Each structure stands twice: as structure tokens, then as C-alpha cells.
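Just so it is clear: in the sequence shown, position 173 is 173 by our numbering, and no numbers are missing. See below for the structure under consideration.
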Amino acid sequence: MRHFWKDITFFIGLFICTNIPCKALDVYQFVNSRAGAMGDCVSVLPGFANPSGCAFDETRFVSLHYLNRYGIKELSTYAGSFNFPNKYLNVGTYVSRYGFKAYNETLASLNLYRKLSSFLALGVRVNYLNVHYSDTDPNKSLFTADIGVTARPVDKLTLSVLAINPFVVKLKSDSRKMEMPVVLSLGASYEILPVLLMCAEVEKDFSYPVVCKVGMEYMPIPQLCLRAGMYGKPFTPSFGVGLNLSFFTLDLAFSRHPVLGFRSSCDVAFSF
1 MRHFWKDITF
11 FIGLFICTNI
21 PCKALDVYQF
31 VNSRAGAMGD
41 CVSVLPGFAN
51 PSGCAFDETR
61 FVSLHYLNRY
71 GIKELSTYAG
81 SFNFPNKYLN
91 VGTYVSRYGF
101 KAYNETLASL
111 NLYRKLSSFL
121 ALGVRVNYLN
131 VHYSDTDPNK
141 SLFTADIGVT
151 ARPVDKLTLS
161 VLAINPFVVK
171 LKSDSRKMEM
181 PVVLSLGASY
191 EILPVLLMCA
201 EVEKDFSYPV
211 VCKVGMEYMP
221 IPQLCLRAGM
231 YGKPFTPSFG
241 VGLNLSFFTL
251 DLAFSRHPVL
261 GFRSSCDVAF
271 SF
């Protein structure tokens, strides 16, 4: 009986999430709490959603991520990432798991990125997605590719382009082909003051309306960041904090969907 109610709770949450327009990039489970607090501007802020996002930051780091959707633990994502820049070809890896025993998605991604010049960087990512539907049905899996570009044409200004699944790969099942998201994002960020960063992004999932996102980050002291933002449709505010202590960083993010409720995430990173 306990497992029955657990399964019912999950599939109700899954039905709600898939029938109300939410964030398109959630499908790939790239958790970025800094971006999540700033209106989910994932393509223009450093992170793994944009495979070129870490090109202008030469820090090596290992990080752990957790995302809880709307208080339903069966809709949570657990992830880990590793970034290894070097003088030849920069490499980043990301592994995540979404769901629970009866239904889950496992994602493994490899980012390859490089600065093409002092102001332009290109990144390519290969994703392996494995979907477990039930204990009686075979797992389904597929490979996809994403492309990201990050540019800094002038000091303090960053521009980004992110194409998710541009080759329109579909997940094949026994009865039909399930559409995977095809997403194009354009972003920009500008450091108005040394302590104030503003960002904006336009995201188009070709199965849903355009989503506009804005965010800001204020740093009252070097060790503390205060963040806020919003995106829609529907209108969803977000906020969070970041703690920077030498080689250790902690980022927390919260957002409130008008129907589904709160979403929260946490990132812990260790640089070396």
C-alpha cells in the first residue's frame, strides 16, 4: 500500500509537470542553482547547460547538485559534475538521476569546449539518456548532441547561444517515437558595477511558447551573493544566495510556480 501511494503521488506530479508549460531544459536535468536563482538564465551563466559556459573560467572543480521540484521527492534530481580545463581541450562531465525506482531517467554528458579567441568560445556536448519505465518493460536509451557559443565582445558583456538537440533526435518506444525537446536560447549578461550583474535570456522550445527570463546578482561582500530573477510563461519569481569561501562555494535557489508551488536546489562545489 505504501508503494502504491508513492507511485500515485509521482505520476500525479509527472502529469502536472508535463501538462503545464515549465522549463524546457529540465528534461536534461542540468542543475545550476546560481542560474536558478537568477530567473534560470542557464545559457549565459557559467555551468553545464551551455557546453561553452565554463570556457572563460579556468577553475577546476568538482560539484554536487540537488533539485527538488514542488516538494515531491519522486521528482527530484541528484547530480554530480567535474570540470577539467587544460591547454589542449577543456573537458567537463555531468551525471544525473531523476525519478525513483518505478520510473527514472539517468543522464551522462560529456562537454568538450575551447576558446577560439580571446572573446569567443565554442562547446559541444554529447548526452546519453537512459529511461527506466517499469520493472517489466525494457529500458530505452538514446544519444543526443548540443552546441553552445559564448562571446565576450567587450569588457563586462557576455553573449550566449545554446542549441539543445538541434539534430532532432527522438526516443523510440515499441509503439511510437517520443519527441525530445528542441530548444534554442539566446542570452546576455552585463556587469553594471563590480558588485552588480544583470542577465537576460530568451528561450524557445519549439513545442512551447517563448520563455523570457531576467535575473540579477548583487555581491555586498566578496563572500556573499544575493540573487533574484523571474521567468514566464507562467510568471515565476526566483531568488537565492551564494557563499564563496576560498576553494568552497555553496549556492541555494528557490522559485515559485503559481500552480505547482516551490522548487528548490542546492549546489556544493570544490575548486582545485
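Positions of the beta carbon are idealized from the N, C-alpha and C atoms, including for glycine. Predicted, not measured: the structure shown is a model, and the values here were computed from it.
Cα atoms of LEU122 and VAL154: separation of roughly 17 angstroms, rounded to the nearest angstrom. Cα atoms of SER117 and SER43: separation of roughly 19 angstroms, rounded to the nearest angstrom.
The alpha-carbon separation between PHE100 and VAL149 amounts to approximately 34 angstroms. With a beta-carbon spacing of about 4 angstroms, ASP267 and SER33 fall inside the 8 angstroms limit used to define contacts. With respect to PRO166, ILE192 sits apart: the two C-beta atoms are not nearer than 8 angstroms. The alpha carbon of GLY215 has as its nearest neighbour, out of ILE221, LEU224, PHE247, CYS199, the alpha carbon of CYS199. Within a 10 Å sphere around the beta-carbon of VAL195 sit fewer than 16 other beta-carbons, which makes this residue exposed.
Closest in alpha carbon position to LEU224, among LEU243, THR236, PHE235, is LEU243. When beta bridges are read from the DSSP output, VAL154 appears opposite no residue. Rounded to the nearest angstrom, the gap between the Cα atoms of THR158 and SER189 is 5 angstroms.
Excluding sequence positions up to five before and after VAL168, its CB lies within less than 7 angstroms of the CB of VAL182, all in the same chain and listed in chain order. Under the three-state reduction of DSSP output, SER185 falls in the strand class. In this structure, SER238 sits near GLY36, with a CB-CB distance shorter than 8 angstroms. Comparing C-alpha distances from THR236 to each of CYS212, HIS132, SER160, PRO222 shows the shortest one belongs to CYS212.
Listed in chain order, the non-local C-beta contacts of LEU250 below 6 angstroms within the same chain comprise LEU243, VAL268, local neighbours out to five positions each way being set aside. DSSP places ALA253 inside the beta strand (DSSP E), whose first and last residues are 248-257. According to DSSP, MET198 shares a beta bridge with TYR190, MET216. The three-state secondary structure of ARG60, taken from DSSP, is coil. For SER81, the closest of ASP57, LEU110, TYR98, PRO138 by C-alpha to C-alpha distance is LEU110.
When the alpha-carbon of THR93 is set against those of GLY39, TYR103, ALA79, the nearest one is in ALA79. For GLY36, the uninterrupted alpha helix (DSSP H) run begins and ends at 33-37, by DSSP.
One thing to note: ASN127 has its Cβ within 8 angstroms of the Cβ of PHE143.
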